[in-house]
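*Asks:* Sharing a structure, written as structure tokens. Questions coming.
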Amino acid sequence: MTPARTFRLVLAVAIVTSALGLFAGPLRAPDEIRTAEIAREMAVTGDYLVPRLCGDLFVEHPPLQYALMGASFDLFGVTDVAARVPSAIFGFLLILVIYALGRKAGGERAGLFGVLAWLSLHGFYQYGTRGMVDVPLTLFTALAWLGFVLALTRVREAPAGEGRKGIFAAVLLIYAAAAMAQLSKGPVGLVFIAGPVLAGVLLTRSFFLWRTTAHLFGLLLLFAPLAIWVGLLRSRGGQDAFEMFVYQSFLYRIIPVKGYLGGHQHGPLYYFSHLPGMALPWLIALPAVLTGLLTGLLARRRPADAKQSVACFLAAVFPVGLLLLSIPGTKRPLYLLPLLPALAAATGVWIALRAKAPATSRLDQVTFVILGLPIAAALGILTGIAAALVAPIHLLSPRTASTRIRAGGLLRRGFSTARELIGTRAASRSPVTVWTMAIATVLGLVVVPHIGSHASDLTPLAREVETAGVLGPDLVSYDFRERDRAVISFRTGVIVPNFDFPGDLARFLDSRESGHLVARRGKGDLKLGAHERRFTRLKTWSIGRRTYDLYRFTK
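Per the working numbering, the sequence shown starts with residue 209, numbered consecutively.
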């Protein structure tokens, strides 16, 4: 396949995948629906700088993704599809970046395999198409890595004495992408970029990167946008908003202290139990990828050529990033998403190198066997079923011997193909990887959209409350979580005041003669006290593991 045709294929795949992501089911709680509600309030109020959730300050992240989603709502209306438009654009660009990374390390074939590996990762279908701040963070992180790869390639491929020319723009790209990553999710975006890039400099001996004036402009480009936003946040939201972002959303996430409100506190080994849920099926190939792409470079005393250096860098990103993520006290499986593009690109390079190699290491051979076993088993079962269906035809046909021969041939062909798939010959490696990608992609499209927090989605409650005609200034909620409030506000367009403490609710009831209350049962069970006679239960919902009640109260 020519480079032009390969790029057109990647472009088509990127367009189709991004379009499918727009319609990947309803918005999921908690993160996606919460992000959408913050964006809706931006669109309604016109304030695109200070994020608010149900009217309250929400400065967990800078406003980039929220502002883009709010602009999408202005253009297309407040819908689930419009909420995912920015993420679809980011996802489209990310596929092109992954292709570029793989192509720089192993040619067009490696770039294509890298894209297919990305599209078959479980984490991509779980989070990669969702309307969340982690999607732009993933794009800008990968874009910064591409800047490092471009600088590395230009020096390694340049004639003698001209190696440092032309890296100015590439280094600026690293800083610009890091600045956008910080505007997406705060200073953590810088960590995702700086750690792997520094490791890449050491592994590939690319110390020339320090000797360029681009760093002077890059540092200004890196810190100015976030500093300007933090200053505006302090002037518009006050000192409380400033401290909430600096301490609760950044410092306390690294070292949680007493009073930290974010949660998600886990030990250093947390991610090792969650890797399969994010990185399958290519987590199986990770040992072979690391060994195959790193060993040869580390054994050299001289700097390797451009492609070997890029391949080494891509292989190092995932383990280095995983180590950095394991240090902070707060952890979630979602945080692994920005590391997966590098894993996909490195896997694509490994596949391209090993698919046609006449001899490979024992680890490579074992990896292809493990990848091929499920495919071979499925193929063997299907051919056995087909043969069993063909064989009884002799009862209806006079050509009994011919039918039996045909059934036996079908079985032999099926098992022969299965045996080839789990073999170690070069001819069997491309089919193994292609089948693995195809099966993982089908499972991702069919199964993953139905896995998640749909069971705890309060959309049915919001719709029925709206239909009942009780929305308005006289409706309040009690002990609703952040996600619950976001669902009701986004689905109805009405922000319902919430009370977390019985005393606050009692004072509200003292000031009102009538109204409606929707309350969540649980640790915050409703204690009405002297007001109990005023309440009449109208409706009860069992959603997920929680029960919600709608009451009418009168004087």
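Just so it is clear, CB atoms sit at the ideal spot from N, CA and C, and this is done for glycine as well.
#1: Under 8 angstroms: do the region 343-359 and the region 402-419 share three or more Cβ pairs, one atom per stretch?
#2: Should residue 681 go down as buried or exposed, given a rule of 16 or more other Cβ atoms within 10 Å for buried?
#3: My assumption, with CB atoms under 8 angstroms, is that residue 292 sits in contact with residue 229. Please give the rounded CB distance.
#4: Considering just the uninterrupted stretch of the beta strand (DSSP E) at residue 751, what are its terminal residues?
#5: Does the distance from the CB of residue 687 to the CB of residue 714 come in under 8 angstroms?
#6: CB residue 637 to CB residue 754, shorter than 8 angstroms?
#7: For residue 348 versus residue 392, is the C-beta distance shorter than 8 angstroms?
#8: For residue 676 versus residue 699, is the C-beta spacing smaller than 8 angstroms?
#9: Of all the options 244, 226, 216, 219, which has the alpha carbon lying nearest to the alpha carbon of residue 696?
#10: Classify residue 612 as helix, strand or coil using the three-state DSSP reduction.
#11: From residue 732 to residue 710, what distance separates their C-alpha atoms?
#12: Taking residue 438 as the reference, give the member of 429, 449, 430 with the closest Cα.
#13: Counting only runs of 4+ residues fully inside the region 501-546, write out the alpha helix (DSSP H) ranges in chain order.
#14: Thinking C-beta only, is residue 329 closer than 8 angstroms to residue 554?
#15: Would you kindly check if the distance between the Cβ of residue 495 and the Cβ of residue 544 is under 8 angstroms?
#16: Between 306, 672, 762, which has its C-alpha nearest residue 219's C-alpha?
#17: Going by DSSP, name the residue or residues bridged to residue 685.
#18: Would you kindly work out how many angstroms separate the C-alpha atoms of residue 538 and residue 763, rounded to a whole number?
#19: Residue 760 bridges to which residues according to DSSP?
#20: So the candidates are 342, 215, 756, 402; which of them puts its Cα closest to the Cα of residue 323?
#21: With a CB to CB cut of under 6 angstroms and the five nearest residues on each side skipped, what residues in its chain are close to residue 154?
#22: How many whole angstroms separate the CB atoms of residue 318 and residue 560, which I take to be in contact at a CB cut-off of 8 angstroms?
#23: Starting from the N-terminal side, write out each stretch of the alpha helix (DSSP H) that is 4 residues or longer and does not extend beyond the region 296-336.
#24: Considering only residues of the same chain and omitting the five flanking positions on each side of residue 666, which have a CB-CB separation below 7 angstroms?
#25: Which of the three DSSP states is assigned to residue 261 in this structure?
#26: If you run the structure through DSSP and keep just helix, strand and coil, what is residue 755?
#27: Return the residue from the list 248, 761, 376 that minimises the CA-CA distance to residue 718.
#28: Leaving out five residues on either side along the sequence, give the residues of the same chain with a beta carbon under 6 angstroms from the beta carbon of residue 550.
#29: Quick one: using the 10 Å Cβ neighbour count with 16 as the cut-off for buried, is residue 375 buried or exposed?
#30: How far does the alpha helix (DSSP H) with residue 549 in it reach, from first residue to last?
#31: The alpha helix (DSSP H) with residue 216 in it runs from where to where?
#32: Just to confirm the assignment, what range does the alpha helix (DSSP H) spanning residue 375 have?
#33: Tell me which same chain residues have a C-beta within less than 7 angstroms of the C-beta of residue 509, skipping the five on either side of it?
#34: Going by DSSP, what residue range makes up the alpha helix (DSSP H) through residue 435?
*Replies:* By the coordinates alone:
#1: Output reads yes: the region 402-419 touches the region 343-359.
#2: Looking up residue 681 in the sequence shown gives position 473. By the neighbour-count definition (other C-beta atoms within 10 Å, threshold 16), residue 681 is an exposed residue.
#3: Residue 292 sits at position 84 when you count from the first residue of the sequence shown. Residue 229 sits at position 21 when you count from the first residue of the sequence shown. Right, their Cβ atoms sit about 6 angstroms apart.
#4: Here the question's residue 751 lines up with position 543 in the sequence shown. Residue 751 -> beta strand (DSSP E) spans 743-751.
#5: In the sequence shown, the residue the question calls residue 687 occupies position 479. In the sequence shown, the residue the question calls residue 714 occupies position 506. Not closer than 8 angstroms, so no.
#6: Here residue 637 refers to the residue found at position 429 of the sequence shown. Here residue 754 refers to the residue found at position 546 of the sequence shown. By the CB criterion at 8 angstroms, residue 637 and residue 754 fall outside the cutoff.
#7: Mapped onto the sequence shown, residue 348 falls at position 140. Mapped onto the sequence shown, residue 392 falls at position 184. Result yes, Cβ atoms of residue 348 and residue 392 sit closer than 8 angstroms.
#8: Position 468 of the sequence shown, counted from the first residue, corresponds to residue 676. Position 491 of the sequence shown, counted from the first residue, corresponds to residue 699. Note that the C-beta distance between residue 676 and residue 699 is not below 8 angstroms.
#9: Taking the sequence shown and counting its residues from 1, one reaches residue 696 at position 488. The shortest C-alpha separation from residue 696 is found at 244.
#10: Taking the first residue of the sequence shown as 1, we reach residue 612 at position 404. Its pLDDT being 49, under 50, residue 612 is placed unreliably by the model, and the measurement read from it follows with that caveat. Correct three-state label for residue 612: helix.
#11: As a first step, residue 732 must be located in the sequence shown, where it is residue number 524. As a first step, residue 710 must be located in the sequence shown, where it is residue number 502. Residue placement at residue 732 cannot be trusted, given a pLDDT of 48 that sits under 50; the coordinates are not used to answer.
#12: Here residue 438 refers to the residue found at position 230 when the sequence shown is read from its first residue. Checking every option, the nearest Cα to that of residue 438 belongs to 449.
#13: Runs of the alpha helix (DSSP H) inside the region 501-546: 514-534.
#14: Looking up residue 554 in the sequence shown gives position 346. Looking up residue 329 in the sequence shown gives position 121. No; because the gap between Cβ atoms is not below 8 angstroms, this pair is not in contact.
#15: On the sequence shown, position 336 is the one that residue 544 refers to. On the sequence shown, position 287 is the one that residue 495 refers to. The Cβ-Cβ distance between residue 544 and residue 495 does not fall below 8 angstroms.
#16: Taking the sequence shown and counting its residues from 1, one reaches residue 219 at position 11. If we check each option's Cα against that of residue 219, 306 comes out closest.
#17: The residue given as residue 685 occupies position 477 in the sequence shown. Residue 685 is bridged to 706, 726.
#18: Stepping through the sequence shown from its first residue, residue 538 is reached at position 330. Stepping through the sequence shown from its first residue, residue 763 is reached at position 555. Approximately 47 angstroms, taken between the alpha carbons.
#19: As a position in the sequence shown, residue 760 is number 552, starting the count at 1. Partner(s): 724, 744.
#20: Looking up residue 323 in the sequence shown gives position 115. Among 342, 215, 756, 402, the Cα nearest to that of residue 323 belongs to 215.
#21: Residue 154 lies beyond the stretch modelled for the chain, which goes from 209 to 763, so this question has no answer here.
#22: Stepping through the sequence shown from its first residue, residue 318 is reached at position 110. Stepping through the sequence shown from its first residue, residue 560 is reached at position 352. Correct: roughly 4 angstroms between the Cβ atoms.
#23: Note on the region 296-336: whole alpha helix (DSSP H) runs with a minimum of 4 residues are 316-327, in chain order.
#24: Here residue 666 refers to the residue found at position 458 when the sequence shown is read from its first residue. Closer than 7 angstroms at Cβ, skipping near neighbours: 692, 695, 696, 751.
#25: Position 53 of the sequence shown, counted from the start, is the residue given in the question as residue 261. Strand.
#26: On the sequence shown, position 547 is the one that residue 755 refers to. In the structure shown, residue 755 falls within a strand segment according to DSSP collapsed to helix, strand and coil.
#27: Here the question's residue 718 lines up with position 510 in the sequence shown. Measuring C-alpha to C-alpha distances from residue 718 to each of 248, 761, 376 identifies 761 as the nearest.
#28: On the sequence shown, position 342 is the one that residue 550 refers to. Non-local beta-carbon contacts of residue 550 in its own chain, meaning distances under 6 angstroms to residues more than five positions away in sequence, involve 522, 525, 526 in chain order.
#29: Translated into the one-based positions of the sequence shown, residue 375 becomes position 167. Flag for residue 375 reads buried.
#30: Residue mapping note: residue 549 aligns to position 341 of the sequence shown, counting from 1. Looking at the DSSP string, the run of the alpha helix (DSSP H) that includes residue 549 is 548-562.
#31: What you label residue 216 is simply residue 8 of the sequence shown in a count that begins at 1. First-last of the alpha helix (DSSP H) with residue 216: 211-230.
#32: For the purposes of this step, residue 375 is identified with residue 167 of the sequence shown, where counting begins at 1. Residue 375 -> no alpha helix (DSSP H), and no H or E assigned at all.
#33: Position 301 of the sequence shown, counting from 1, holds the residue named residue 509. Unreliable placement is indicated for residue 509, whose pLDDT of 49 sits below 50; the coordinate value is still reported in the next sentence. There are no such residues.
#34: Your numbering for residue 435 matches position 227 in the sequence shown. First-last of the alpha helix (DSSP H) with residue 435: 422-451.
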